[in-house]
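Trainee: Chains as they are written, first to last, in the numbering used here: chain P, 153 to 562; chain H, 306 to 399. Positions of the beta carbon are idealized from the N, C-alpha and C atoms, including for glycine. All values derive from a computational prediction rather than experimental measurement. I'd like to ask you about the structure that follows.
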């Protein structure tokens with residue numbers, strides 16, 4: 153294994169960190185359409201293109217639907233491909249998200265998570281990508297700009313793994329991460345090149361009876377994206393589920409390989425536990441809020457409260473085993489959702505964490521807080537109330553409200 | 306489904322076809338079919354060039370054209386464009 157080398161510390165916001173990582177990954181095609189709060193990614197990357205710092209073919213499309221379609225087409229030729237979007241832009245891609253995953257095109261997409269209209273709102277929550285949770289894309293949510301940078305480097309390696317070959321979303325919280333400057337430690341171009349490597353292609357059997365790499369190639373013609381009706385469609389969907397299950401292992405491997413060269417890891421790549429081993433109560437969250445929650449856990453620990461935190465980093469594929477192992481012995485769990493599943497009795501993360509625990513030996517008491525919609529602030533003082541409610545439930549054994557709204561005027 | 310069909314573990318990913326699509330007869334649902342009057346046809350090959358499905362073939366040895374009804378969708382472009390009106394569209398069921 154490669155030894156850790158010196159890294160350069162740069163002041164970057166989340167979007168710039170993503171753009172820099174994409175630059176270092178030697179991407180063949182970037183097709184994108186600007187949308188707040190993702191715009192800086194594409195702006196910054198177009199500067200690299202204009203300055204001749206990258207060899208990338210940069211395609212300015214007329215919509216997000218076209219952007220993802222161009223990426224899919226480029227990926228079909230064997231090209232390494234990237235795009236970025238948010239909110240309404242991601243929603244406009246909806247149709248093509250399924251075509252991309254169904255075509256097994258390992259497109260990497262950064263999403264600067266933002267609320268969906270109406271009413272119009274440009275600020276951060278998880279409504280956009282949570283709504284795409286069944287589109288067949290891997291989804292990883294990051295805590296800070298450093299992780300945004302690191303996760304983009306990992307994303308190409310995960311998506312392009314021949315046992316996975318699926319597109320991937322790296323979600324970073326709009327404004328909180330996308331527009332906030334942080335110190336980011338950056339690997340050298342050479343290290344990134346060695347880590348990410350060239351795009352690998354899985355093998356397929358063509359109508360000519362040849363087993364060849366999966367890409368459009370005049371010397372080895374193949375039919376991509378054909379019709380499959382009652383006879384074969386179901387089988388192709390089952391393959392996608394298998395690829396998702398393979399991704400669980402690959403994400404863990406890539407996380408630990410990356411730790412060896414960079415000195416940074418994010419739990420096991422799937423979940424990141426913080427002071428949870430002996431905890432009695434814990435909060436589960438996705439994204440940047442975990443930074444604040446860790447501080448509160450530290451405070452509570454000093455006060456003698458056995459509190460912990462679990463950050464769900466990989467949301468698709470859902471790491472059911474990892475969730476079960478980390479959570480089943482707790483007394484009270486609070487799940488934080490930064491998006492709504494209207495009429496669904498709680499948010500998406502709540503549903504899924506609760507599902508993961510159903511087959512466990514113990515069933516901790518579990519409640520859900522919806523918070524931060526449309527960028528609504530969630531201060532440490534506010535978030536502390538969440539732990540206090542968990543402490544109250546642990547003490548009394550009684551849940552008063554299963555689903556609550558944090559920071560909402562009631 | 307027939308037991309001859311392959312399982313999800315046996316097929317290539319993403320719907321890549323393991324057989325040529327020419328084995329998939331796509332012309333079995335047309336309403337109208339083209340018919341040709343050998344007397345009027347001058348073998349100018351306009352229809353061969355214009356058929357969007359490539360379902361009209363020129364047989365040089367016989368100096369005539371032939372419709373491949375396995376792929377013809379019955380769109381009628383050939384009949385519309387034929388300069389000598391040698392092609393007529395007829396209801397397939399007749």
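Which one or two residues does DSSP pair with residue 291 of chain P in a beta bridge?
Mentor: DSSP output for residue 291 of chain P lists P:321, P:468 as bridge partner(s).
Trainee: Below 8 Å between beta carbons: does that hold for residue 480 of chain P and residue 509 of chain P?
Mentor: A contact, by the Cβ cut-off of 8 Å.
Trainee: Establish whether the CB of residue 353 of chain H and some CB of chain P are separated by less than 8 Å.
Mentor: No, because no Cβ of chain P sits closer than 8 Å to the Cβ of residue 353 of chain H.
Trainee: Does any C-beta atom of chain H lie closer than 8 Å to the C-beta of residue 366 of chain P?
Mentor: Residue 366 of chain P counts as touching chain H.
Trainee: Give the secondary structure of residue 153 of chain P by DSSP, where H, G and I count as helix, E and B as strand, and everything else as coil.
Mentor: With a pLDDT of 49 at residue 153 of chain P, under the threshold of 50, the predicted position of this residue should be treated as unreliable, and no value is reported.
Trainee: Helix, strand or coil for residue 482 of chain P per DSSP?
Mentor: Reduced to three states, the DSSP call for residue 482 of chain P is coil.
Trainee: Cutting at 7 Å between CB atoms, please list the residues of its own chain near residue 299 of chain P, excluding the five before and the five after it.
Mentor: The answer, listed in chain order, is 418.
Trainee: When you compare each of P:435, P:561, P:444 to residue 502 of chain P by their alpha carbons, which one comes out closest?
Mentor: Nearest option by C-alpha distance: P:435.
Trainee: Straight-line CA distance for residue 456 of chain P to residue 421 of chain P?
Mentor: Approximately 29 Å, taken between the alpha carbons.
Trainee: Using C-beta distances below 6 Å, list every residue in its chain close to residue 369 of chain H, excluding the 5 sequence neighbours before and after it, in chain order.
Mentor: Closer than 6 Å at Cβ, skipping near neighbours: no residue.
Trainee: Provide the residue span of the beta strand (DSSP E) that contains residue 535 of chain P, from first to last.
Mentor: Segment 532-548 is the alpha helix (DSSP H) holding residue 535 of chain P; no beta strand (DSSP E) there.
Trainee: Can you find the residues in the same chain that come closer than 8 Å, C-beta to C-beta, to residue 381 of chain H, ignoring five residues on each side of it along the sequence?
Mentor: If we look at residue 381 of chain H and ignore the five residues flanking it on each side, its Cβ neighbours are 337, 339, 394.
Trainee: Quick check: the stretch 530-550 of chain P against the stretch 359-371 of chain P, are at least 3 beta-carbon pairs closer than 8 Å?
Mentor: Touching, no, given that fewer than three Cβ pairs across the two stretches are closer than 8 Å.
Trainee: How is residue 223 of chain P classed by DSSP in three states: helix, strand or coil?
Mentor: Reduced to three states, the DSSP call for residue 223 of chain P is helix.
Trainee: Tell me which residues share the same chain as residue 329 of chain H and place their Cβ nearer than 7 Å to its Cβ, disregarding the 5 neighbours each side in the sequence.
Mentor: Here the set comprises nothing.
Trainee: Looking at residue 443 of chain P and residue 490 of chain P, is the spacing between their C-beta atoms short of 8 Å?
Mentor: In this structure, residue 443 of chain P does not lie closer than 8 Å to residue 490 of chain P by Cβ.
Trainee: What's the C-alpha gap between residue 306 of chain H and residue 384 of chain P?
Mentor: In this prediction, residue 306 of chain H has a pLDDT of 47, which is less than 50 and means its spatial position is unreliable; what the coordinates show is noted afterwards. In a straight line, the C-alpha of residue 306 of chain H is about 10 Å away from that of residue 384 of chain P.
Trainee: In angstroms, rounded to a whole number, what distance separates the CA positions of residue 317 of chain P and residue 308 of chain P?
Mentor: Using only the alpha carbons, I get a separation of about 10 Å.
Trainee: Does residue 320 of chain H have its Cβ less than 8 Å from a Cβ in chain P?
Mentor: Residue 320 of chain H counts as touching chain P.
Trainee: What residues in its chain sit with their C-beta under 7 Å from that of residue 472 of chain P, if we drop five residues either side in the sequence?
Mentor: So the list reads 508, once near-sequence residues are dropped.
Trainee: DSSP has residue 437 of chain P in a bridge; who is on the other side?
Mentor: In DSSP, residue 437 of chain P forms a bridge with P:463.
Trainee: If residue 187 of chain P and residue 240 of chain P are in contact, beta carbons under 8 Å, what's the gap, nearest whole angstrom?
Mentor: The pair is a contact, with the Cβ atoms about 7 Å apart (cut-off 8 Å).
Trainee: Can you tell me whether DSSP reads residue 372 of chain H as helix, strand or coil?
Mentor: In the structure shown, residue 372 of chain H sits in a strand (DSSP, three-state: E or B).
Trainee: How about the stretch 447-456 of chain P and the stretch 404-419 of chain P: do they share at least three Cβ pairs that are nearer than 8 Å?
Mentor: As far as the Cβ criterion goes, the stretch 447-456 of chain P does not touch the stretch 404-419 of chain P, which means the pair count is below three.
Trainee: Taking a contact to mean a Cβ-Cβ separation below 8 Å, would you say residue 304 of chain P touches residue 173 of chain P in this structure?
Mentor: Their beta carbons are under 8 Å apart, which means residue 304 of chain P touches residue 173 of chain P by this criterion.
Trainee: Bridge partners of residue 364 of chain H, per DSSP?
Mentor: Answer is H:369, bridged to residue 364 of chain H.
Trainee: Can you give the beta carbon distance from residue 527 of chain P to residue 332 of chain P, rounded, assuming they're within the 8 Å contact cut?
Mentor: 13 Å between Cβ atoms; not a contact.
Trainee: Beta strand (DSSP E) containing residue 212 of chain P: first to last residue?
Mentor: 209-212 is the span of the beta strand (DSSP E), which, as asked, contains residue 212 of chain P.
Trainee: Residue range of the beta strand (DSSP E) that residue 334 of chain P falls in?
Mentor: 334-338 is the span of the beta strand (DSSP E), which, as asked, contains residue 334 of chain P.
Trainee: Per DSSP, what kind of secondary structure is residue 327 of chain P in: helix, strand or coil?
Mentor: The answer is coil: DSSP assigns residue 327 of chain P none of H, G, I, E or B.
Trainee: Helix, strand or coil for residue 264 of chain P, going by three-state DSSP, please let me know.
Mentor: Residue 264 of chain P: strand per DSSP, three-state reduction.
Trainee: Tell me which residues of the stretch 524-544 of chain P have at least one Cβ-Cβ distance to chain H shorter than 8 Å, keeping chain order.
Mentor: So nothing in the stretch comes that close.
Trainee: Measure the CB-CB distance between residue 319 of chain P and residue 252 of chain P and report whether it falls below 8 Å.
Mentor: In this structure, residue 252 of chain P lies closer than 8 Å to residue 319 of chain P by Cβ.
Trainee: What residues of chain P sit near residue 402 of chain H, judged by a beta carbon separation below 7 Å?
Mentor: Coverage of chain H is limited to positions 306 through 399, which leaves residue 402 of chain H absent and any answer about it impossible.
Trainee: List the DSSP bridge partners of residue 475 of chain P.
Mentor: Per DSSP, none; premise fails for residue 475 of chain P.
Trainee: Do you know offhand how far residue 214 of chain P's Cα is from residue 359 of chain H's?
Mentor: So the two alpha carbons sit approximately 34 Å from each other.
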